[in-house]
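Asks: My questions all concern the structure below.
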Amino acid sequence: MRFLAIFSLLFTLIACSDGRIVGPDDAPPPQDEGIQSGPVSGQFFNGDWTFNQGIARIRTVGGAKMYLIDLWEETFSDPCDPFVNPARTLLFILPSAVGSYTLNNNRTVTFSGNSTNLVATQGIYKLTSFNEEEQSIIGGIQVKYDNQNSVNGSFKVALCP
Numbered sequence: 012m013r014f015l016a017i018f019s020l021l022f023t024l025i026a027c028s029d030g031r032i033v034g035p036d037d038a039p040p041p042q043d044e045g046i047q048s049g050p051v052s053g054q055f056f057n058g059d060w061t062f063n064q065g066i067a068r069i070r071t072v073g074g075a076k077m078y079l080i081d082l083w084e085e086t087f088s089d090p091c092d093p094f095v096n097p098a099r100t101l102l103f104i105l106p107s108a109v110g111s112y113t114l115n116n117n118r119t120v121t122f123s124g125n126s127t128n129l130v131a132t133q134g135i136y137k138l139t140s141f142n143e144e145e146q147s148i149i150g151g152i153q154v155k156y157d158n159q160n161s162v163n164g165s166f167k168v169a170l171c172p
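If you're matching positions, the sequence shown starts at 12 in my numbering and goes up one per residue.
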């Protein structure tokens, strides 16, 4: 299921493109764009959801370096294990340049779980910083698919090989 969601994200980005393990309490708050300072949280498949762990992997799309971000409510002993299978995950591809990005048909966030993928095109995400020493990525997200699927907050994730 996750593979299908990741493939869908990469395909959409390619087809439409123009040219240490840490938790939510470690993420500094973005100070603008309406992104909340606490951990990413909200409604996900009509239930409460709060970010606890996640990862980033580097991908090259159309010659540009991107981060494939995967945010979960569960925690895993080895989150970089490719066979980790969270129940509900937020998936998105974040450009590697620090800045804010408005979601649209080219930039999406997928709510994935329960054998369902919902692709949101409303909201923003932000890369606040990349910490080379810690190999971590800090950012924020404010996204809405519908009233049962919307999240807002900050995250810090480890960069996995």
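Each residue gets a CB set at the ideal place from its N, CA and C atoms; glycine is no exception.
This structure is a prediction, so every number in the text was calculated from the model and none was measured.
(1) Just list the residues that DSSP pairs L101 with in beta bridges.
(2) With a threshold of 8 Å, are at least 3 pairs of Cβ atoms found where one atom belongs to the segment 132-144 and the other to the segment 84-93?
(3) Give me whichever residues DSSP pairs with G74 in a beta bridge.
(4) Measuring straight from C-alpha to C-alpha, what distance separates F22 and L101?
(5) In the DSSP assignment, what residue or residues form a beta bridge with D157?
(6) Exposed or buried, what is F103 when buried is set at 16 or more other beta-carbons lying within 10 Å of its beta-carbon?
(7) Going by the beta-carbon positions, is the gap between Y156 and L114 smaller than 8 Å?
(8) Would you list the one or two residues that DSSP bridges to F55?
(9) Should K167 go down as buried or exposed, given a rule of 16 or more other Cβ atoms within 10 Å for buried?
(10) Measure the beta-carbon distance from F122 to F62 and round it to whole angstroms, keeping in mind my assumption that it falls under 8 Å.
(11) Smallest Cα separation from L105: which of I152, P50, N125?
(12) Quick check on this structure: which residue in P97, V109, L79 has the alpha carbon closest to the alpha carbon of T86?
Replies: The short version:
(1) L82, F122
(2) no
(3) G74 pairs with nothing; no bridge assigned.
(4) Unreliable positioning characterises F22 in this predicted model, as indicated by a pLDDT of 42, which lies under 50. The coordinate reading is nonetheless provided below. Approximately 17 Å, taken between the alpha carbons.
(5) N160
(6) buried
(7) no
(8) G58
(9) buried
(10) Wrong, their Cβ atoms sit about 13 Å apart, outside the cutoff.
(11) I152
(12) P97
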